[in-house]
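One structure is given here, and the rest of the page talks about it.
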Amino acid sequence: IQQDQLALQEIGGNARLRKALIDALYPREQPKTEGLDLAYFYLPACGVGGNYFDFIEIDASHIGILVGNVFEKPDVKSAILLAMLRSAFRMASAGEPNPAKVLKAVNNFISKENFDRFAVFSYIVCNTVKKTVSVSTAGYRPVGILKASAAKFDYLHSEGLGLGIMADTDFGISSCRLETGDLIVMCSGGVLETRNLTGQKFRVEDMEKVVLDNRARTSAEIVDRIRKSLVSFSAGVAQQDDITVLAVKVK
Numbered sequence: 102i103q104q105d106q107l108a109l110q111e112i113g114g115n116a117r118l119r120k121a122l123i124d125a126l127y128p129r130e131q132p133k134t135e136g137l138d139l140a141y142f143y144l145p146a147c148g149v150g151g152n153y154f155d156f157i158e159i160d161a162s163h164i165g166i167l168v169g170n171v172f173e174k175p176d177v178k179s180a181i182l183l184a185m186l187r188s189a190f191r192m193a194s195a196g197e198p199n200p201a202k203v204l205k206a207v208n209n210f211i212s213k214e215n216f217d218r219f220a221v222f223s224y225i226v227c228n229t230v231k232k233t234v235s236v237s238t239a240g241y242r243p244v245g246i247l248k249a250s251a252a253k254f255d256y257l258h259s260e261g262l263g264l265g266i267m268a269d270t271d272f273g274i275s276s277c278r279l280e281t282g283d284l285i286v287m288c289s290g291g292v293l294e295t296r297n298l299t300g301q302k303f304r305v306e307d308m309e310k311v312v313l314d315n316r317a318r319t320s321a322e323i324v325d326r327i328r329k330s331l332v333s334f335s336a337g338v339a340q341q342d343d344i345t346v347l348a349v350k351v352k
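In terms of my numbering, the sequence shown opens at residue 102 and continues consecutively.
Written out as C-alpha cells, the structure is:
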C-alpha cells in the first residue's frame with residue numbers, strides 16, 4: 102500500500118510539474134496586428150494541456166500562427182519537447198516568412214534529439230501588407246478558409262510528416278490571397294473528439310455552421326460562439342482531449 106501511495110504521489114508531482122511547464126509556454130496575450138483581428142480559446146482536458154499554440158511576430162509585415170501537439174502521452178517529457186519546439190519555432194521563424202522552410206528547420210533540430218515521440222503542427226504565415234496567407238502542415242489538420250464572398254469553407258493543407266520522425270524532410274506549402282472579411286479558422290483535434298450523451302462527435306460541419314452563422318461578428322465573438330456550441334453539444338460529457346480554436350479575420 103505504501104508503494105502504491107508513493108507511486109501516486111510521484112504521478113501527481115509529475116502532473117503538476119508538467120502543467121507548470123506547459124502553462125509557462127503559452128502566449129500571455131495575443132498580438133495586435135495591423136489589418137488582422139485575432140482571437141482564440143484554449144481548454145485543456147483534465148486540467149493538464151497537451152496542445153500548443155503560439156503567435157510569432159516574424160517582421161513588420163508577417164505574423165506566424167501555429168497550433169499542434171506532441172503525439173504521445175501527456176507527461177513531463179512531452180512538456181520538455183514542447184518547450185524545445187517553442188524555442189525552435191521562434192528561432193527558425195526570425196525573418197523567415199516561408200512556413201515550409203521553418204518546419205524543415207524545426208524538424209531537423211528536433212530529429213537530432215533523443216525523443217521517443219513526435220509532434221504534429223499546422224503553421225500559417227499572414228502577410229499583412231500583400232494580404233496573403235501561406236500554410237504548411239506537419240501531419241496535422243488542414244486550415245479552414247472562409248472567403249468573404251463564399252458560402253462554404255475551403256481548406257489549405259500540404260504534405261509533410263510529423264516533426265521529429267525523419268530528418269531532412271521537405272514540407273509543402275499552400276497559399277491564397279486574402280480580402281477584407283475573409284476568415285481563417287484553425288482548431289485542434291479535440292474539437293472533433295467532443296462527444297454528446299449519445300456518443301456522437303461534434304463534426305466539421307457543425308463547426309462550419311457556427312462560423313457561417315456568425316461570420317459578421319468579430320473573431321473573439323466567433324470563437325466564443327464555437328466554445329458555447331461545444332459546451333452545449335457535450336451537455337456535461339467529460340472532455341476527452343484538449344481543445345484549441347484560433348480565428349483570424351481580415352480587416
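Beta carbons: idealized from backbone N, C-alpha and C, even for Gly.
Just so you know, these numbers come straight off a predicted model, no measurement behind them.
* Please work out which residues of its chain come closer than 8 Å, Cβ to Cβ, to A281, disregarding the five sequence neighbours upstream and downstream, and give them in chain order. => Counting from 1 along the sequence shown, the entry for residue 281 is found at position 180. The sequence given here places Thr at residue 281; Ala does not occur at that position. Taken in chain order, the residues that qualify are A249, V351, K352.
* To do: Mind checking who I73 pairs with in its DSSP beta bridge?
  => In the structure as shown, the chain starts at 102 and stops at 352, and residue 73 therefore has no counterpart that could be examined.
* Asked: If you draw a straight line from the alpha carbon of L257 to that of I225, how long is it in whole angstroms?
  -> Residue numbering aside, residue 257 sits at position 156 when the sequence shown is read from its first letter. Residue numbering aside, residue 225 sits at position 124 when the sequence shown is read from its first letter. Spanning the two alpha carbons is a distance of roughly 10 Å.
* **Residues near G245 in its chain [Cβ-Cβ closer than 6 Å; skip 5 each side]** => Taking the sequence shown and counting its residues from 1, one reaches residue 245 at position 144. Here the set comprises F254, Y256, V286.
* **Proximity of S320 and A140 at Cβ, strictly below 9 Å** => Numbered from 1 along the sequence shown, position 219 holds the residue referred to as residue 320. Numbered from 1 along the sequence shown, position 39 holds the residue referred to as residue 140. Cβ distance < 9 Å, so S320 and A140 count as in contact.
* Rounded to a whole number of angstroms, what is the C-alpha to C-alpha distance between Y153 and F190? -> On the sequence shown, position 52 is the one that residue 153 refers to. On the sequence shown, position 89 is the one that residue 190 refers to. Approximately 12 Å, taken between the alpha carbons.
* Under the rule that 16 or more other beta-carbon atoms within 10 Å means buried, what is V292, buried or exposed? -> Taking the first residue of the sequence shown as position 1, residue 292 is located at position 191. It is buried - the Cβ of V292 has at least 16 other Cβ atoms within 10 Å.
* Asked: My guess is that G136 and T229 are in contact by the Cβ rule of under 8 Å, so how many angstroms apart are they, rounded?
  -> Position 35 of the sequence shown, counted from the first residue, corresponds to residue 136. Position 128 of the sequence shown, counted from the first residue, corresponds to residue 229. The pair is a contact, with the Cβ atoms about 4 Å apart (cut-off 8 Å).
* Asked: Which of the three DSSP states, helix, strand or coil, is assigned to D138?
  -> Translated into the one-based positions of the sequence shown, residue 138 becomes position 37. Note: D138 maps to strand in three-state DSSP.
* At which residues does the beta strand (DSSP E) containing F172 begin and terminate? -> As a position in the sequence shown, residue 172 is number 71, starting the count at 1. First-last of the beta strand (DSSP E) with F172: 163–172.
* Please work out which residues of its chain come closer than 7 Å, Cβ to Cβ, to N315, disregarding the five sequence neighbours upstream and downstream, and give them in chain order. => Taking the sequence shown and counting its residues from 1, the one referred to as residue 315 is at position 214. Cβ neighbours of N315 beyond the five flanking positions: E322, I323, R326.
* A201: buried (16+ other C-beta within 10 angstroms of its C-beta) or exposed? -> Counting from one through the sequence shown, the residue named residue 201 turns up at place 100. The residue in question, A201, is buried, as its Cβ has 16 or more Cβ neighbours within 10 Å.
* Looking at C-alpha atoms only, which residue of G300, S237, R304 is the closest neighbour of F272? -> On the sequence shown, position 171 is the one that residue 272 refers to. Among G300, S237, R304, the Cα nearest to that of F272 is on S237.
* Asked: Around the C-beta of L347, are 16 or more other C-beta atoms found within 10 angstroms, so that it is buried, or is it exposed?
  -> Residue numbering aside, residue 347 sits at position 246 when the sequence shown is read from its first letter. The residue in question, L347, is buried, as its Cβ has 16 or more Cβ neighbours within 10 Å.
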